[in-house]
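Position one of the sequence shown corresponds to residue 8 (my numbering), numbered consecutively onward. Note sheet for the following structure.
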Amino acid sequence: MVGKLGLDPVVVGRARELAGRVGLPVVELARSHTTVSVERAVLRLAGVSGADPDGIPWVNRLVDAVVADVGLGRGVALPVFDAMVREGIGDVTGVAQRAAGGGVRFEVPVGRAAVVARRAARRAVGVGVRRVDRRRVERDRLVRRHGDPVRRPWVYLIVATGDIYEDIPQAQAAARAGADVIAVIRSTGQSLLDYVPEGATREGFAGTYATQENFRLMRAALDESSRELGRYVRLTNYASGLCMPEMAVLAGLERLDMMLNDSMYGILFRDINPIRTFVDQRFSRQVHARAGIIINTGEDNYLTTADAVGEAHTVTVSQLLNEYFAHEAGLQDWQLGLGHAFEIDPDVPDSLRLELAHALLARELFPGAPLKWMPPTKHMTGDVFRGNLLDGFFNLVGAMTGQGILLVGMMTEAVVTPWLSDRDIALQNVRYVLGAAGGLHEDFVPAPGGFVQRRAHRVLSEAVELLERIGERSLLTAIGEGTFGIMRRPADRGKGLDGVARQEEGYFNPATEILEGGRV
């Protein structure tokens, strides 16, 4: 019996064993398939950039042309680089431009031509991976120079005007007011676009489009803030949806620090095909591992559609599965921003004690992970005074249970788009609670055998039981039956399924070879 909750190590070990048993078939599925977004991500690492006059990225035009000629099952790297060598084209973006006009035909090379194309592809992708490596080294140097925030949890605050040039001053003001992590929320619906928009954007809806240029602009602005404030300010965006692998690559190239990255979110809440998202997730997490990016997972979203008390164990199950998938892809514990949320109806008796039990359970199950603790949203009513108090309870639980990343709750959540003054009040709430009780996790110990311990043990037991049931069927079956977030998402349906292919004999992906081999 160990820790504040007295969790049985045998039960915890059993939970992880079952998570691995459930997750392994999904990993094998991901290893044996590819998607159009994985292949586009490979070409982005190889240097494809820009868009045609209609705004369609050259990387989309190139992959579409390859698929039309030879299909997707053997990957796009060999056909593309064979064409580049054969036609004497100077770079891979030039191949895309020629192909868009019908000036290039693709084939899968054999013999000597295949050897030459393989070498050229690996060399070009290696240049991109080395750039990701340099950005990681750059981050480490800047953290050493400016320093990390002096306290945990890191304060995580959302900026989302739709206009990157409006986001920048708001993000810098938020950093001055105490935010340690700035998250630029993505424009509504972008997760369902099967392409990444190009350039700086000023017309997002309830968020700002995630593009490479927007990443670059915001990272440069927060570097200025880091110098000004004497602490490194981190930047977050999204590697989810139909372009998950490409977003991961762009984040690595532009030195983002965290990315929301969880296939289950796209499956459940955006109806993206489960196979597509699990394949994309594995590749994206390999890129995040290489880039030193912290991922944020989406378990908090389950509790916006399912009951936070009755379905608490589904959050724990998903956290255990996300840990397994992340480790398999090469991520380390310090990169696992596993999500959970303060979403119990405040009118439920002992709601705060239940929240304490759930938060402490996550903390003790994943002691090396910087857990991402999410504020109340489902039961915010428009009463801003009650909402601010509820956010204070949320901040207090975060302090008492030693969370790693604390998303700032807004008292106007789900009522209006927050005003700047709302954010200031919310940050005051965070500063007060963390200043007054930031070290409370050192002193808080629940009563042995008391309410908090009993509740945590029950949730863990229910999680083990659910993992056993899923193991008797499969994770894809469980998702199809509505196990998580009460959303039913069958594996043979959903957006993006037509962009999935089983790998055929001779499949070649130089990025995967480099990422799994560890060397360029």
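Don't be surprised by glycine CBs; every beta carbon is placed ideally from N, CA and C. Keep in mind it's a predicted model, so treat the numbers as computed, not measured.
First and last residue of the uninterrupted alpha helix (DSSP H) at residue i
{"i": "Tyr331", "result": "319-336"}
{"i": "Gly273", "result": "270-277"}
{"i": "Ala366", "result": "358-372"}
{"i": "Val440", "result": "427-444"}
{"i": "Ala518", "result": "517-524"}
{"i": "Gly487", "result": "482-487"}
For residue i: DSSP bridge partner residues
{"i": "Ile412", "result": "Trp161, Lys379"}
{"i": "Thr42", "result": "Val507"}
{"i": "Leu343", "result": "Ile302"}
{"i": "Lys502", "result": "Ile279"}
{"i": "Ala58", "result": "Pro64"}
Pick from the options that is closest to residue i, judged by C-alpha positions
{"i": "Val191", "options": "Glu205, Gly211, Pro204", "result": "Gly211"}
{"i": "Ala22", "options": "Gly409, Lys385, Leu328, Asp340", "result": "Leu328"}
{"i": "Gln480", "options": "Gly20, Val33, Lys11", "result": "In the sequence as displayed, the identity of residue 480 is Arg instead of Gln. Arg480 has its Cα closest to that of Val33, out of Gly20, Val33, Lys11."}
{"i": "Thr388", "options": "Asp357, Leu414, Glu420", "result": "Glu420"}
{"i": "Arg277", "options": "Met91, Leu368, Pro86, Ser247", "result": "Ser247"}
{"i": "Glu335", "options": "Ala296, Leu363, Arg360", "result": "Ala296"}
{"i": "Lys379", "options": "Arg38, Gly169, Thr243", "result": "Thr243"}
{"i": "Thr408", "options": "Leu372, Ala433, Val83", "result": "Leu372"}
{"i": "Glu235", "options": "Thr215, Val136, Ala182", "result": "Ala182"}
{"i": "Gly394", "options": "Ala366, Val134, Pro353", "result": "Pro353"}
{"i": "Arg141", "options": "Val452, Gly299, Glu362", "result": "Gly299"}
{"i": "Ala213", "options": "Asp174, Val203, Phe222", "result": "Asp174"}
{"i": "Arg193", "options": "Ile165, Pro156, Val117", "result": "Ile165"}
{"i": "Met254", "options": "Thr321, Ser291, Val422", "result": "Ser291"}
{"i": "Pro382", "options": "His347, Ile301, Asp357", "result": "His347"}
{"i": "Phe88", "options": "Leu50, Pro64, Asp287, Gly57", "result": "Leu50"}
{"i": "Phe401", "options": "Val437, Arg461, Arg370, Glu475", "result": "Val437"}
{"i": "Met494", "options": "Thr311, Leu467, Val17", "result": "Thr311"}
{"i": "Pro281", "options": "Val507, Glu523, Ala48, Asp15", "result": "Val507"}
{"i": "Val29", "options": "Leu367, Gly489, Ala227, Ser325", "result": "Ser325"}
{"i": "Ala333", "options": "Tyr439, Leu434, Ala376, Val66", "result": "Ala376"}
DSSP three-state assignment for residue i, whether helix, strand or coil
{"i": "Met8", "result": "Low confidence applies to Met8: its pLDDT is 41, below 50, so where it sits in the model is not reliable, and the reading given next is rough at best. In the structure shown, Met8 sits in coil (DSSP, three-state: anything other than H, G, I, E or B)."}
{"i": "Gly27", "result": "helix"}
{"i": "Val422", "result": "coil"}
{"i": "Leu403", "result": "helix"}
{"i": "Ile477", "result": "helix"}
{"i": "Leu396", "result": "helix"}
{"i": "Leu79", "result": "coil"}
{"i": "Gly97", "result": "coil"}
{"i": "Asp307", "result": "helix"}
{"i": "His386", "result": "coil"}
{"i": "Asp1", "result": "The structure shown does not extend to residue 1, since the chain is modelled only from 8 through 527, so no value can be given for it."}
{"i": "Ala454", "result": "coil"}
{"i": "Thr490", "result": "coil"}
{"i": "Ala90", "result": "helix"}
{"i": "Glu35", "result": "helix"}
{"i": "Arg51", "result": "helix"}
{"i": "Glu512", "result": "coil"}
{"i": "Gly20", "result": "helix"}
{"i": "Asp354", "result": "coil"}
{"i": "Val286", "result": "helix"}
{"i": "Arg496", "result": "coil"}
{"i": "Val527", "result": "coil"}
{"i": "Val111", "result": "coil"}
Residue interval of the beta strand (DSSP E) (run including residue i)
{"i": "Gly346", "result": "346-348"}
{"i": "Met266", "result": "265-267"}
Going residue by residue through the region 191-261, where are the continuous alpha helix (DSSP H) segments of at least 4 residues, counting only ones entirely within it? 219-236, 251-260
Those runs of the alpha helix (DSSP H) which lie wholly inside the region 113-191 and span at least 4 residues: 118-153, 171-183
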